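The block underneath contains the structure these notes are about, expressed in structure tokens.
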Amino acid sequence: MSILRSSVLFLLTFLGCLLVLELYVSSAEIDLSYHELNPVIGKKMLPNKRIVMLKEGFYLGQTNEYGYLGPAYPKEKPDSVFRIALMGNSYAEGFQLWEKYHFSRILERELSARTGKTVQLLNFGSGNLNFHDMYIYYRNWAKEFNPDLVLYVVKSENMKERTSYFIPSPYFYLDPDSALQVNYDFTGKSVYQTYDRFSFLMENSVLVKMSQNAYKLAQKGRAPQILFDKLYDSYAASKQKKDELEKDPEAEIKDLKLTAVTEAIFDEMSAEGKTLFVCRDAAPAFPEELLRARGIPMVFVNDTLHDLKAAGIDPYLWKSTGRKGHWNYEGNEAVGHFLAEKLAPLVP
Amino acid sequence: MLFNSFIYLIFLLVLVPLFYLTPVRMRNYLLLAASYLFYSYWDVRFCLLLLGSSLLAYFTGIRIEDSKDPVTRKRWMYFGIGISLTMLGFFKYFNFFVDSFDSMVSLWGGSLDFLHMRIILPVGISFFTFQNYSYIMDVYRGSFKAARNPLESVFYNSFFPLLMAGPIERAANLMPQIRKGLSPTRDQMREGVHLIVIGLFQKVIIGDASGRIVDNIFGYMEHYGSLELIMGLLLFTVHIYTDFAGYSNIARGSAKLVGVDLSVNFRQPYLARSVNEYWNRWHISLSSWLKDYIYIPLGGNRKGKVRTYINLFLTMLFAGLWHGAAWTFVLYGALHGIYLSVGRYLMDRSGKKPSRSYSYAGPKSFLLFLGTVTGTYILVAASRLLFRADDFTQVGIFLDRMAHWVPSDMGARLTTITLSFTLMMFFIDIIQYYTKRDDFTLLIRPIPVRWGVVSAMMLISLIYMFVEEPLPFVYFQF
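As you go down the protein sequences, you meet chains A and B in turn.
If you use the working numbering, the first sequence closes out at 350, no skipped numbers anywhere.
If you use the working numbering, the second sequence closes out at 511, no skipped numbers anywhere.
What follows is the structure, encoded as structure tokens:
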């Protein structure tokens with residue numbers, strides 16, 4: 003058999019097998035692809051996509067026809083409805099437990115029951131967003147759904163400005179008149195162009211997504227740790243892993259310096275008058291003064307989580323994996339009840 | 034060092050070429066050093082325990098063989114086995130018995146809690162203890178000649194592919210290979226590579242992926258509906274098999290690379306037509322050990338039908354306790370004891386002995402095959418609840434959800450997921466069943482097609498291993 007024929011046979015079988023495995027991995031939901039690179043808001047979940055996540059806990063759900071999480075509420079809002087837009091990162095996204103146990107659904111149910119009014123909560127949470135990204139999400143997308151109240155679930159560390167973007171995204175800047183503007187230069191960069199060219203594969207192939215995840219880990223410098231395990235004696239690597247597993251989710255960020263862009267965002271929020279911050283850390287670290295000066299309300303979920311801890315329940319511990327991380331079942335329930343109590347007076 | 038980790042693959046990539054560069058007479062020493070390195074990677078402290086256990090078997094074997102007096106031989110046999118089982122009992126069962134007695138004493142207001150100790154269970158202790166047991170018993174019975182070279186004895190007990198979770202090898206299979214000198218053939222090398230690829234795929238892409246879901250469902254059972262819990266149990270049935278069969282294939286493949294043929298541990302157990310046949314196909318090295326060292330000494334089937342049923346029950350009760358120090362495992366063993374005794378009773382009544390494996394003889398026989406395989410699968414899957422549940426509270430939650438049906442949000446989707454994992458598991462099993470080879474990819478022709486299949490399987494396993502942390506083997510805890 004000639005080398006050429008052998009190579010073609012090998013390649014055809016290899017690709018054919020990958021296709022079969024793609025079908026298997028996708029139907030067994032070992033992983034799923036559900037993101038797009040949106041030219042207006044950056045990384046965004048695609049509409050009507052199944053999602054599975056197995057990290058600290060187990061999430062099985064899907065996006066609605068509009069591409070956000072939860073029931074599909076259309077852009078037009080009836081007058082009788084009180085609508086809340088939930089903005090945030092992985093805490094708002096809640097890919098650790100099934101949706102009905104997430105604080106957003108508990109909040110929606112309880113707020114409707116408490117106020118007797120139809121309350122709709124639209125969850126625009128998405129992992130790895132910082133505060134600026136969340137506001138771009140709101141300005142360029144969530145706002146179209148006419149919310150009466152916009153909740154930002156944030157922590158001080160989310161206020162830090164991003165210095166590098168692994169996934170290219172739009173970003174805010176101030177023009178010479180100090181007006182807040184969005185820069186969309188990322189659509190001209192090679193990463194976006196490559197994505198645009200192979201978007202069908204990237205949005206639909208699980209194997210491509212798994213390979214991308216592997217690439218991201220390698221980019222983050224995790225490859226030696228994964229390959230050489232205990233033999234990789236880099237202090238930094240082991241420390242990083244240890245920090246990730248054991249970091250105190252309530253640790254405060256010291257010396258948080260907010261930029262002029264962040265303050266400009268606060269000004270816009272203040273002018274709109276629909277914003278409420280759900281703060282995940284204690285008062286001094288959060289830019290409380292700046293928000294209070296602009297009349298933007300805040301609630302701190304810390305106390306209710308501390309009450310849980312005092313009762314012997316760690317709201318960050320996932321017993322099935324032994325990992326500490328996002329709010330677990332008890333944490334979400336406590337936060338849901340707490341927010342319903344705090345928000346009920348705001349529902350007319 | 035987990036088989037499903039990159040560090041193990043690197044370990045093999047370094048060891049195998051080194052093995053070939055080493056003169057044949059020195060290869061056993063190299064493998065012994067590699068085995069201890071492999072074991073110490075987990076916890077160096079227990080290397081002494083492993084060494085002590087191996088030397089105990091070595092000295093006891095010689096003493097038994099050299100003694101002419103039957104009473105002295107018996108004493109040495111009891112001595113060797115007694116110490117081995119005492120070590121196993123201490124590490125694995127001490128706290129279990131303390132807790133059980135504590136529960137009884139607490140009925141009268143007392144407490145034995147002060148006896149509770151923080152004991153780390155050495156990985157593989159159940160396996161190397163059983164190997165020691167069989168070695169000492171075989172020497173005592175005269176069916177195997179004691180090793181005169183301590184290297185053989187230590188090697189037999191600590192050969193790295195079988196150190197963590199078996200197969201529980203008999204000295205009669207392994208020691209002659211060690212004595213002869215290890216020099217793998219080209220066929221062994223080929224088989225080894227293919228077994229590792231298939232085993233890794235089973236372990237990682239079916240086992241680990243399904244196991245992560247199982248861990249979450251069983252970790253928070255109260256948050257799931259009835260159908261979701263059933264799917265969790267069925268997924269565990271897939272998980273435990275692909276996890277262990279995958280491990281065994283990697284172990285056999287790794288051993289073949291250095292010229293050692295280990296016993297086959299699984300013969301597609303979920304294609305068994307009865308629970309009795311299932312135990313001839315599941316964890317074969319344990320089943321045959323139980324048969325030779327528990328069931329037959331109890332009298333086997335030589336003391337009448339009723340005693341046969343009782344002996345089967347007692348053997349499985351012991352098997353249950355071997356799996357883990359918990360009453361759920363005891364009950365698991367008891368349930369399988371009942372399955373086997375009832376199965377044996379039905380066979381005795383019908384007077385028909387089933388064939389070793391199925392061969393097609395028309396649609397009627399095929400339907401009967403499907404029916405009996407499905408029935409056996411359901412019986413085995415149901416028993417897995419006792420195997421997987423952490424305690425009787427979890428068993429209670431599961432049974433309560435079955436008695437009072439709780440609707441499921443994601444039942445249909447989890448059913449599809451379970452079906453996909455199950456079909457992939459059976460797909461591999463059916464090919465292995467009909468080709469009678471675990472390394473069935475070797476039969477694919479022409480060679481470029483074979484390597485196309487193998488490369489795709491390996492690539493997806495490696496990507497998954499890179500992005501997900503390795504999940505330990507279920508049987509490591511035993």
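Glycine included, every Cβ here is placed at the ideal spot set by N, Cα and C.
All values derive from a computational prediction rather than experimental measurement.
So, helix, strand or coil for leucine 118(B), using DSSP? helix
State the DSSP-derived secondary structure class of valine 500(B), mapped to helix, strand or coil. helix
Which first and last residues belong to the alpha helix (DSSP H) in which glutamine 465(B) is found? 444 to 468
Mind checking which residues open and close the alpha helix (DSSP H) that includes asparagine 40(A)? Here asparagine 40(A) belongs to no alpha helix (DSSP H); instead the beta strand (DSSP E) covers 37 to 40.
Could you work out which residues of chain A lie near histidine 256(B), taking near to mean beta carbons separated by less than 8 Å? Leu99, Trp100, Tyr103, Tyr331
Just checking my contact of tryptophan 312(B) with leucine 373(B) at CB under 8 Å: how many whole Å lie between their CB atoms? 7 Å
Does alanine 394(B) pass the burial test, meaning 16 or more other C-beta atoms within 10 Å, or should it be called exposed? exposed
Compare the C-beta of arginine 421(B) with all C-beta atoms of chain A and state if any pair is closer than 7 Å. no
What runs of the alpha helix (DSSP H), each 4 residues or longer, lie entirely inside the region 210 to 280 of chain B? 219 to 233, 242 to 252
Hey, out of Tyr69(B), Leu368(B), Arg174(B), whose CA is closest to tyrosine 111(B)'s CA? Arg174(B)
Say whether the region 246 to 257 of chain B touches the region 267 to 285 of chain B, bearing in mind that this needs 3 or more beta-carbon pairs closer than 8 Å, one atom from each stretch. yes
Backbone CA spacing between arginine 212(B) and serine 8(A) [nearest angstrom]: 42 Å
Please state whether the Cβ-Cβ distance between asparagine 190(B) and serine 87(B) is less than 7 Å. yes
DSSP on leucine 62(B), reduced to helix/strand/coil? With the sequence shown as reference, residue 62(B) is identified as tyrosine, and leucine is not the correct amino acid for it. Helix, per DSSP.
Could you tell me whether the region 318 to 331 of chain A touches the region 43 to 55 of chain B, where touching means 3 or more Cβ pairs closer than 8 Å? no
How should lysine 2(A) be labelled, buried or exposed, when 16 other C-beta atoms within 10 angstroms of its C-beta is the threshold for buried? Here chain A covers residues 3 to 350 and nothing more, so residue 2(A) does not appear.
Could you check what DSSP says for alanine 87(A) in three-state terms: helix, strand or coil? strand
Under 8 Å from the C-beta of isoleucine 260(A): neighbouring residues of chain B: Reading off the sequence shown, one finds leucine at residue 260(A), where the question assumed isoleucine. The premise fails here: leucine 260(A) is roughly 35 Å from chain B at the closest Cβ pair, so nothing lies under 8 Å.
Taking 6 Å as the cut-off, is the C-beta of valine 156(A) nearer than that to any heavy atom in the ligand FAD? Annotation note on the ligand FAD: not contained in the displayed structure, which lists no ligands.
In chain order, what residues of the same chain have a beta carbon less than 6 Å from the beta carbon of isoleucine 229(B), not counting five sequence neighbours either side? Ile283, Gly286
Do alanine 179(B) and glycine 94(B) come within 7 Å of each other at the CB atom, strictly closer than that value? yes
Taking the continuous alpha helix (DSSP H) assigned at threonine 162(B), which residues delimit it? 158 to 174
So is phenylalanine 200(A) in contact with chain B if we call contact Cβ pairs under 7 Å? no
Chain D partners of arginine 245(B), CB-CB under 8 Å? Given the protein chain composition of this structure (A and B), no chain D is represented.
Neighbour-count burial assignment, isoleucine 5(A), 16 or more Cβ in a 10 Å radius: exposed
What does DSSP give as the partner residues of arginine 478(B) in its beta bridges? According to DSSP, arginine 478(B) bridges with nothing at all.
Chain B beta carbons: is any one of them nearer than 7 Å to that of lysine 51(A)? no
According to DSSP, simplified to helix, strand and coil, what is methionine 47(A)? strand
Quick check: the region 248 to 263 of chain B against the region 333 to 345 of chain A, are there 3 or more CB pairs under 8 Å? no
Taking proline 76(A) as the reference, give the member of Lys191(A), Met161(A), Phe147(A) with the closest Cα. Phe147(A)
For threonine 361(B), the first and last residue of its enclosing beta strand (DSSP E): Careful: threonine 361(B) lies outside any beta strand (DSSP E), inside the alpha helix (DSSP H) at 360 to 383.
Can the beta-carbon of arginine 58(B) be found less than 7 Å from the beta-carbon of phenylalanine 52(B)? no
So phenylalanine 124(B) and leucine 154(B) are in contact, right, with Cβ under 8 Å, and what is the actual spacing, rounded? 6 Å
Which residue wins for smallest C-alpha separation from tyrosine 342(B), given the options Thr119(B), Ala278(B), Ile371(B)? Ile371(B)
Outcome for arginine 219(B) when other beta-carbon atoms lying within 10 angstroms are tallied against a minimum of 16: exposed
Run through chain B and tell me which residues come within less than 7 Å of leucine 109(A), C-beta to C-beta. The premise fails here: leucine 109(A) is roughly 18 Å from chain B at the closest Cβ pair, so nothing lies under 7 Å.
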